[in-house]
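A quick write-up on the structure given underneath.
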Amino acid sequence: MEVLAILGSPRRGGNTEILLDEAIRGAHDHGGACEKVVLRDLKIRPCLEIYHCAKAGICAIQDDMQPLFGKITEAQRLIIASPIFFYSVSALTKAMIDRCQSLWVKKYVLKLPISAVPDRRGAFISVAATRGKKLFDGVRLTMRYFFDAIDVVYSDELLVRGADEKGAIRERLETLQEAYALGARLVAPRGGAPGS
Ligand SMILES: Cc1cc2nc3c(=O)[nH]c(=O)nc-3n(C[C@H](O)[C@H](O)[C@H](O)COP(=O)(O)O)c2cc1C
């Protein structure tokens, strides 16, 4: 089971990365072959809205997004992890998402297949400092429509409130366990318990 885990936090060793690493550990321990991509290390320009992709669903911008398109469309499982920045995902994450407009065009305008891989599922991990009721409403919508555009079922999420300082999440053992369990669930056969 190929798992692509994308870190959208610019803060290495921060709360989002700690949780993503726990999810990767959970997936790995239950049979997942995980690849971690750190968006901060890549050069991904924002979508320029030139709609070159309207011809064949291929983005014209030549940067580090090009190899990532292949990884995104070939993965069986996807984990996106981003902190909340101004009630949204981080700019790193959003640039990557917006560039996938070419895949949205491919799917919904050109009616072409996005991926040859069946039963693709994905999860979203997010961390925020505050605790408001509507804190994750916006990113939930973003992720739901992003996963739909790339032909991935949004099957799981871990949304964590009240973590701000770098590494503060390490004190919250239950949350670390939830991240591990999310990774394990993601690679479990549909309906089966992790490891079954
Ligand atoms: C640019 C920026 C914007 C932020 N906006 C919010 C916000 O809207 N709501 C919130 O609860 N926390 C916000 N935070 C706090 C982060 O979500 C929080 O510190 C989180 O733990 C960071 O995760 P990380 O350690 O993976 O970077 C913001 C932090 C930054 C740097």
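Numbering of the sequence shown is given in the working numbering, commencing with residue 43 and proceeding in unit increments. All C-beta atoms, glycine included, are put in the ideal place defined by N, C-alpha and C. As the structure is a computational prediction, the values presented were derived from the model and not from experiment.
Beta carbon of residue i nearer than 8 Å to that of residue j
i      : j      : result
Arg162 : Gln118 : yes
Met107 : Ile122 : no
Thr58  : Val169 : yes
Tyr77  : Lys136 : The question names Tyr, but residue 77 in the sequence shown is Glu. Contact flag unset, no.
Leu81  : Gly50  : yes
Leu61  : Ile167 : yes
Supposed close pair residue i, residue j - CB separation, criterion 8 Å
i      : j      : result
Val147 : Ala96  : 6 Å
Asp193 : Arg227 : With a Cβ gap of about 20 Å, Asp193 and Arg227 do not count as contacting.
Cys142 : Phe189 : Incorrect: roughly 10 Å between the Cβ atoms, too far for contact.
Leu201 : Ala221 : That pair is no contact at about 11 Å.
Leu110 : Val79  : 7 Å
Spatial neighbours of residue i in its chain, beta-carbon cut-off 7 Å, leaving aside the 5 residues before and after
i     : result
Arg53 : Lys208
Leu90 : Ile103
Met43 : Gly73, Gly74, Ala75, Gln118, Arg119 and Val229
Burial state of residue i, where buried means 16 or more other Cβ atoms lie within 10 Å
i      : result
Thr217 : buried
Gly225 : buried
Lys153 : exposed
Ala158 : exposed
Lys175 : exposed
Leu183 : exposed
Gly237 : Residue confidence is low: Gly237 scores 46 on pLDDT, short of 50, so the model does not pin down where it sits. Its coordinate-derived value is still stated next. With fewer than 16 Cβ atoms within 10 Å of its Cβ, Gly237 is classed as exposed.
Glu116 : exposed
Gly56  : buried
Same chain, Cβ closer than 6 Å to residue i, neighbours up to 5 away in sequence not counted
i      : result
Asp206 : Ala171
Ser144 : Cys95, Gly99 and Cys101
Val45  : Ala69, Gly74, Cys76 and Arg119
Residue i: first and last residue of the uninterrupted alpha helix (DSSP H) it sits in
i      : result
Ala96  : Cys95 to Ala98
Leu228 : Leu215 to Val229
Glu64  : Asn57 to Asp71
Asp179 : Asp179 to Ala191
Glu116 : Met107 to Glu116
Limits of the unbroken beta strand (DSSP E) element including residue i
i      : result
Lys85  : It is not in any beta strand (DSSP E) - Lys85 carries neither H nor E in the DSSP assignment.
Ile125 : The question names Ile, yet the displayed sequence has Pro at residue 125. Run containing Pro125: Arg119 to Pro125, per the beta strand (DSSP E) assignment.
Ala47  : Glu44 to Leu49
Neighbourhood of residue i by C-beta, 8 Å cutoff - its chain only, sequence neighbours within 5 removed
i      : result
Leu177 : Ile126, Tyr129, Ala170, Leu201 and Arg203
Gly180 : Tyr129 and Ser130
Residue i CB to nearest heavy atom of ligand 3 below 7 Å
i     : result
Val45 : You won't find ligand 3 in this model; what it holds is ligand 1.
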